[in-house]
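**Q** Got a structure for you, written out below as structure tokens; questions coming shortly.
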Amino acid sequence: MINGNLKASYAADERVLNNSYKQLFVYGMMAVLACFATFANDYMILIACKMGILLIAVVGVNILTGYTGLISLGHAAFVAIGAYGVTILDNVLMGVVPEGLMFFVIVPLAVAITAIIGIFVGLPSLRVKGLYLAVATLAANFIVIFLIEQDLFAPWTGGMVGVNTPSPNLLGWVLDTNREMFILIAIIAFASLLAAQNLIRTRVGRAFIAIRDRDYSAEILGISLLRYKLTSFALSAAFCGLAGAMFAYFYARILPEQFELDLSLELVAALIVGGMGRTMGPVFGVILIVMMPEVIKVVFAYFTGGDASAARYTAPLQEIAFGLLLVFFLLKEPLGINQITDRILRAANRWPFARG
Amino acid sequence: MKLNRRSFLATSAAATAVMGTPMILRAQPSEYVLGASLPLTGPFATAGQLVAPAFQLAAKLFNDEGGVAGTPIRFVTEDSGYIPQNALANYQRALATEGTAMIAYFADSTGAMKLIAPELKGENARIMGSTSFASELADPSTHPYQYMSGPSYQSQFDILLENIAAQGGTSVAFIYSNTEFGRDPIEHGKATAERLGIEVVLEEATKPQGADIPTHVTKLAQSGAEHCILQGYVTGVWPQLIGGARQFGLPTRFYGTFWGMEKIIADRITQEAGPFLEGYEGVMPYRYFWDREDAPRYQKYAELSKEMFAGTPMENYMSTWAIQTMCGLEIAMKAIRDTAEAGQELTADNIAETLSGISDWDTGGFFGGPVTMENNSIKTGRVYAYDTETGLFNPRSDWLSV
Chain A
1 MINGNLKASY AADERVLNNS YKQLFVYGMM AVLACFATFA NDYMILIACK MGILLIAVVG
61 VNILTGYTGL ISLGHAAFVA IGAYGVTILD NVLMGVVPEG LMFFVIVPLA VAITAIIGIF
121 VGLPSLRVKG LYLAVATLAA NFIVIFLIEQ DLFAPWTGGM VGVNTPSPNL LGWVLDTNRE
181 MFILIAIIAF ASLLAAQNLI RTRVGRAFIA IRDRDYSAEI LGISLLRYKL TSFALSAAFC
241 GLAGAMFAYF YARILPEQFE LDLSLELVAA LIVGGMGRTM GPVFGVILIV MMPEVIKVVF
301 AYFTGGDASA ARYTAPLQEI AFGLLLVFFL LKEPLGINQI TDRILRAANR WPFARG
Chain B
357 MKLNRRSFLA TSAAATAVMG TPMILRAQPS EYVLGASLPL TGPFATAGQL VAPAFQLAAK
417 LFNDEGGVAG TPIRFVTEDS GYIPQNALAN YQRALATEGT AMIAYFADST GAMKLIAPEL
477 KGENARIMGS TSFASELADP STHPYQYMSG PSYQSQFDIL LENIAAQGGT SVAFIYSNTE
537 FGRDPIEHGK ATAERLGIEV VLEEATKPQG ADIPTHVTKL AQSGAEHCIL QGYVTGVWPQ
597 LIGGARQFGL PTRFYGTFWG MEKIIADRIT QEAGPFLEGY EGVMPYRYFW DREDAPRYQK
657 YAELSKEMFA GTPMENYMST WAIQTMCGLE IAMKAIRDTA EAGQELTADN IAETLSGISD
717 WDTGGFFGGP VTMENNSIKT GRVYAYDTET GLFNPRSDWL SV
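In order, the protein sequence lines correspond to chains A and B. For what it's worth, the numbering used here labels the leading residue of the first sequence as 1, then goes sequentially. For what it's worth, the numbering used here labels the leading residue of the second sequence as 357, then goes sequentially.
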């Protein structure tokens, strides 16, 4: 029996942070994030920005795969649409929209466009499930990248050679350093996480979970599969589009090859490792996926003394570690790091009683 | 603690000292760092692994010569897998970890140079060389911090086409990999061919690896081209294309640009598949390593290589790819040292200005004579032809400038 987490009212039960450890953890993280830009060195800021961008996208994948149970291997396409959307809209609306307001106009527009495209990509989900849906979404990834690379669209997308991206201008504040970008990315990533957590507490979110757990039962209960599956695709794509917008703002230039299958797989891997269908799953997954190659690189460089010839073994080592990590979590802890931290938090919450 | 005027001043002074110290340290680093991304894995791993030891050699050589005004240098090299975004990540990582001690960077592809170029602004700007000869980079107005250690691919095409025209050639085919590297000089090459009265009878894009050789050879046969320039390949595709054409009985003469001119690859092909590369020609910006009688710098490299790489292929031969890297590093070091000697701060702007002003520089034998940076590139090269019997690329022309 679960104990040590007494809720004496409905209000307490409905709270997002419904026990003191969650409160401590989340408020602690908020405090750390708020101060991070002041004490972190450039390297930490760089890694944190990458984590933030990936986190927003993984939150999106979590809505679709974790909450709704629909597998996608094509979400890098939505990140690409968000990134190119912001860049193209910035170029098109230059001079029409005041520079200080551009961010507030083009980011929502790019996100909306991504959501609409997400609906189209989600159409096969009405007919196919599981592996077949994964393959269908995979096709979307290839199609989007193919279109971006075409000479026909090159005046806007830059084709295979890519396109330079703008720096965000928030009411006259131009965020042209990584440290400034970190503030923006951290706020948006935190808001995305909060939005996703709240989403599953709404009627829509519960419909997603019902579809994940047994879709035909959900339909019998009156949940429209058409509506909610496509809503899930749209919301999921929208988060990825937002991640793409941040990606474009963070990097000075974007290339189509940055949004290929590797990125889609990375998003899914981060979710599996972190924990599907859990709010904090993407956070843990992203931390591990981004940090692991860095740690391997640092440890390897320490043992080889930074020898250039030995550096050739770093990339294969990173790939092997990535594969092993996935296999480990799939076999030993399919619910991801989130489940492990849950157990630790539960044990701490009940201490000195049995862990249960 | 009671805060009075004295304790306030003392605390302020201590705080200023703590905050100010890193600034002073940054201004006078104990060593300067030159970062680099290399394709140690991926499609061009062969080249990357042959180039990697050049950084060890360069570190020893430059430090033995006194580094930069007495301050030693250190190289930080990382693998990119020939993926531009990895090179960008490496650059950002090096920038974040090394800060202002890092004064130059070397990227390993055209894609990486273009991806990193817009990042080079303000405090993040560093001078940057690379393995690329992409024409777009030879423009200081758009790429003020990036330079090329030789002629652009467009200039290399010009050298080859002028050579073909001089031989009375009337038709040419362009076969290139469908990459930025491959497509770079094609439009310009067509314009040059037209100007020289040479008809471009075929433009064929292939995969950079694993290309469908019979199909491309058939198209080449149908085009009836007398000459064929191959662009955008390093270790693969170009030898198979030439081999396929010879098996087909085509008399077409083949030409390559810098990356298709390595003796190690040509020797390996000859050893494994026979002497079908006989007469293969191409443009090469530098002297080959065996031609070091008039090249004191090459002699120095040879001396160090014997000592540092005994028992490895680098002991007696430095690949053209490593020579290109060494040339890039020599250019950067010259600009950095000249800037330091002039008493200027080693900022990207100062170094870039010195670099673009290099003129009549005796490189110690890389090129036929003293060279001048024009649009941050060195527009000289020479046509060489491969001899399958000796395994050497022999000069077919004098040093040409375009």
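We put the CB at the ideal spot given by N, CA and C, even for glycine.
#1: I need the DSSP call for B:PHE632, collapsed to helix, strand or coil.
#2: Check the Cβ-Cβ distances between A:ASP213 and every residue of chain B, and say whether any is below 8 Å.
#3: Is the distance from the Cβ of B:TRP677 to the Cβ of B:PHE723 below 8 Å?
#4: If the criterion is Cβ atoms closer than 8 Å, does the pair A:TYR67 and B:ARG449 meet it?
#5: By the 10 Å Cβ neighbour count, where 16 or more other Cβ atoms means buried, how is B:GLN512 classified, buried or exposed?
#6: Let me know the secondary structure DSSP gives B:ALA688 once reduced to three states.
#7: Measuring only between beta-carbons, confirm whether A:ASN198 sits less than 8 Å from chain B.
#8: Spell out whether any CB of chain B is found under 8 Å from the CB atom of A:ARG278.
#9: Taking only beta-carbon atoms, is B:LEU434 less than 8 Å away from chain A?
#10: Look up B:MET458 in the DSSP assignment and say whether it is helix, strand or coil.
#11: For the structure I just gave you, are there three or more beta carbon pairs, one from the stretch 249 to 268 of chain A and one from the stretch 74 to 85 of chain A, closer than 8 Å?
#12: Between the stretch 91 to 111 of chain A and chain B, which residues of the former have a C-beta closer than 9 Å to a C-beta of the latter?
#13: Can you give me the C-alpha to C-alpha distance between A:ALA238 and A:PHE190, rounded to a whole angstrom?
#14: For B:GLN441, which residues in chain A fall below 9 Å Cβ to Cβ?
#15: In the DSSP output, what is B:SER527 paired with across the bridge?
#16: Rounded to whole angstroms, how far is the Cβ of A:LEU235 from the Cβ of A:ILE63, which I believe are closer than 8 Å?
#17: Three-state secondary structure (DSSP) at B:ALA463?
#18: Using 10 angstroms around the beta-carbon of A:ALA210, count the other beta-carbons present and answer buried if the total reaches 16, otherwise exposed.
#19: Starting from B:ILE429 and walking both ways along the beta strand (DSSP E), at which residues does that stretch end?
#20: Could you name the residues of chain C that B:GLU475 contacts, counting a contact when the two beta carbons are closer than 7 Å?
#21: Exposed or buried, what is A:SER178 when buried is set at 16 or more other beta-carbons lying within 10 Å of its beta-carbon?
#22: Give the DSSP bridge partners of B:CYS584, in chain order.
#23: Near A:LEU230, which residues of its chain fall below 6 Å by C-beta distance, leaving aside the five closest residues on each side in sequence?
#24: As a quick exercise: from B:GLY713, B:THR695, B:ASP718, B:ALA696, pick the residue whose alpha carbon is nearest that of B:CYS683.
#25: Write down every uninterrupted run of the alpha helix (DSSP H) in the stretch 60 to 134 of chain A whose length is 4 residues or greater and which is fully enclosed by it, in chain order.
#26: Report all residues from its chain with a CB closer than 8 Å to the CB of B:GLN441; omit the five preceding and five following residues, and keep chain order.
#27: Assuming the contact rule is C-beta atoms closer than 8 Å, B:GLY638 and B:TYR740 should be a hit. Round their C-beta distance to whole Å, please.
#28: Which of helix, strand or coil does DSSP assign to B:ARG382?
#29: Tell me, please, whether the stretch 507 to 524 of chain B touches the stretch 577 to 588 of chain B by the rule of three or more beta-carbon pairs shorter than 8 Å.
#30: Is the CB-CB distance between B:ILE692 and B:ILE459 below 8 Å?
#31: Scan the stretch 694 to 721 of chain B and note each continuous alpha helix (DSSP H) run of 4 residues or more that stays entirely inside, going in chain order.
#32: Under 7 Å between beta-carbons, which chain B residues line up against A:LEU225? List them in chain order, please.
#33: If I measure Cβ to Cβ from A:GLU333 and keep anything under 7 Å in the same chain, skipping five residues before and after, which residues do I get?
#34: Distance check for A:ILE106 and B:THR487, CA to CA, integer angstroms please.
#35: Cβ-heavy atom distance between B:LEU711 and the ligand MN below 7 Å?
#36: When DSSP builds the beta bridges, which residues end up paired with B:TYR740?
**A** The short version:
#1: Within the second sequence, residue 632 of chain B is the residue found at index 276, counting from 1. Assigned with DSSP and collapsed to three states, B:PHE632 falls in coil, not helix or strand.
#2: Position 213 of the first sequence, counted from the start, is the residue given in the question as residue 213 of chain A. No, A:ASP213 lies away from the interface with chain B (no Cβ there is under 8 Å from its Cβ).
#3: Position 321 of the second sequence holds residue 677 of chain B. Position 367 of the second sequence holds residue 723 of chain B. No, Cβ-Cβ distance for B:TRP677 and B:PHE723 is not below 8 Å.
#4: Translated into positions along the first sequence, residue 67 of chain A becomes position 67. Translated into positions along the second sequence, residue 449 of chain B becomes position 93. No; because the gap between Cβ atoms is not below 8 Å, this pair is not in contact.
#5: Taking the first residue of the second sequence as position 1, residue 512 of chain B is located at position 156. So B:GLN512 ends up on the buried side.
#6: Here residue 688 of chain B refers to the residue found at position 332 of the second sequence. Assignment of B:ALA688 by DSSP, reduced to helix, strand and coil, places it in the helix class.
#7: Stepping through the first sequence from its first residue, residue 198 of chain A is reached at position 198. The beta carbon of A:ASN198 sits no closer than 8 Å to any beta carbon of chain B.
#8: Counting from 1 along the first sequence, the entry for residue 278 of chain A is found at position 278. Chain B contact via Cβ: absent.
#9: One-based indexing of the second sequence puts residue 434 of chain B at position 78. Checking the sequence shown, residue 434 of chain B turns out to be Glu, not Leu. Output row for B:GLU434: interface = yes.
#10: Mapped onto the second sequence, residue 458 of chain B falls at position 102. Strand at B:MET458.
#11: Output reads yes: the stretch 74 to 85 of chain A touches the stretch 249 to 268 of chain A.
#12: Answer set for the stretch 91 to 111 of chain A: empty.
#13: Along the first sequence, one-based indexing puts residue 238 of chain A at 238. Along the first sequence, one-based indexing puts residue 190 of chain A at 190. If you take the alpha carbons of A:ALA238 and A:PHE190, they lie about 16 Å apart.
#14: Residue numbering aside, residue 441 of chain B sits at position 85 when the second sequence is read from its first letter. The contacting residues are TYR251, LEU255, GLU257, GLN258.
#15: The count along the second sequence starts at 1 and reaches residue 527 of chain B at position 171. The partner list for B:SER527 (beta bridge, DSSP) reads B:GLU555.
#16: Within the first sequence, the letter at position 235 stands for residue 235 of chain A. Within the first sequence, the letter at position 63 stands for residue 63 of chain A. Right, the Cβ-Cβ distance comes to about 5 Å (below 8 Å), so this counts as a contact.
#17: Here residue 463 of chain B refers to the residue found at position 107 when the second sequence is read from its first residue. Secondary structure of B:ALA463 (DSSP, three-state): strand.
#18: Within the first sequence, residue 210 of chain A is the residue found at index 210, counting from 1. A:ALA210 should be labelled buried.
#19: Along the second sequence, read from residue 1 onward, the residue named residue 429 of chain B stands at position 73. Going by DSSP, B:ILE429 is part of the beta strand (DSSP E) stretching over 429 to 435.
#20: The structure shown has no chain C; the protein chains it does contain are A and B.
#21: Along the first sequence, read from residue 1 onward, the residue named residue 178 of chain A stands at position 178. For the sequence presented, residue 178 of chain A should be read as Asn rather than Ser. Burial call: buried.
#22: Taking the first residue of the second sequence as position 1, residue 584 of chain B is located at position 228. When beta bridges are read from the DSSP output, B:CYS584 appears opposite B:ALA529, B:PHE610.
#23: Translated into the one-based positions of the first sequence, residue 230 of chain A becomes position 230. Within the same chain, A:LEU230 has close Cβ partners ILE119, GLY122.
#24: The count along the second sequence starts at 1 and reaches residue 683 of chain B at position 327. Among B:GLY713, B:THR695, B:ASP718, B:ALA696, the Cα nearest to that of B:CYS683 is on B:ASP718.
#25: Those alpha helix (DSSP H) runs which fall completely within the stretch 60 to 134 of chain A and span 4+ residues are 75 to 93, 99 to 122.
#26: Here the question's residue 441 of chain B lines up with position 85 in the second sequence. The beta carbon of B:GLN441 is closer than 8 Å to those of LEU471 in its chain, skipping five residues each way along the sequence.
#27: Taking the second sequence and counting its residues from 1, one reaches residue 638 of chain B at position 282. Taking the second sequence and counting its residues from 1, one reaches residue 740 of chain B at position 384. Their Cβ separation, rounded to whole angstroms, is 6 Å, which keeps B:GLY638 and B:TYR740 in contact under 8 Å.
#28: Position 26 of the second sequence, counted from the start, is the residue given in the question as residue 382 of chain B. The pLDDT assigned to B:ARG382 is 44, lower than 50, so where the model puts this residue is not dependable; a value taken from the coordinates is nonetheless given after this. Here B:ARG382 sits in helix by DSSP.
#29: Pairwise C-beta distances place the stretch 507 to 524 of chain B in contact with the stretch 577 to 588 of chain B, as three or more of them are shorter than 8 Å.
#30: Taking the first residue of the second sequence as position 1, residue 692 of chain B is located at position 336. Taking the first residue of the second sequence as position 1, residue 459 of chain B is located at position 103. At the C-beta level, B:ILE692 and B:ILE459 come within 8 Å of one another.
#31: Taking only runs of at least 4 residues, the alpha helix (DSSP H) segments lying wholly in the stretch 694 to 721 of chain B are 704 to 712.
#32: Looking up residue 225 of chain A in the first sequence gives position 225. Chain B residues near A:LEU225: none, gap ~38 Å exceeds 7 Å.
#33: Residue 333 of chain A sits at position 333 when you count from the first residue of the first sequence. If we look at A:GLU333 and ignore the five residues flanking it on each side, its Cβ neighbours are GLN339, ILE340.
#34: Locating residue 487 of chain B in the second sequence gives position 131, counting from the first residue. Locating residue 106 of chain A in the first sequence gives position 106, counting from the first residue. Near 37 Å, if we compare the C-alpha coordinates of A:ILE106 and B:THR487.
#35: What this structure holds is no ligand at all, so the ligand MN is not there to describe.
#36: Along the second sequence, one-based indexing puts residue 740 of chain B at 384. Note: B:TYR740 sits in a beta bridge opposite B:GLY638, B:PRO751.
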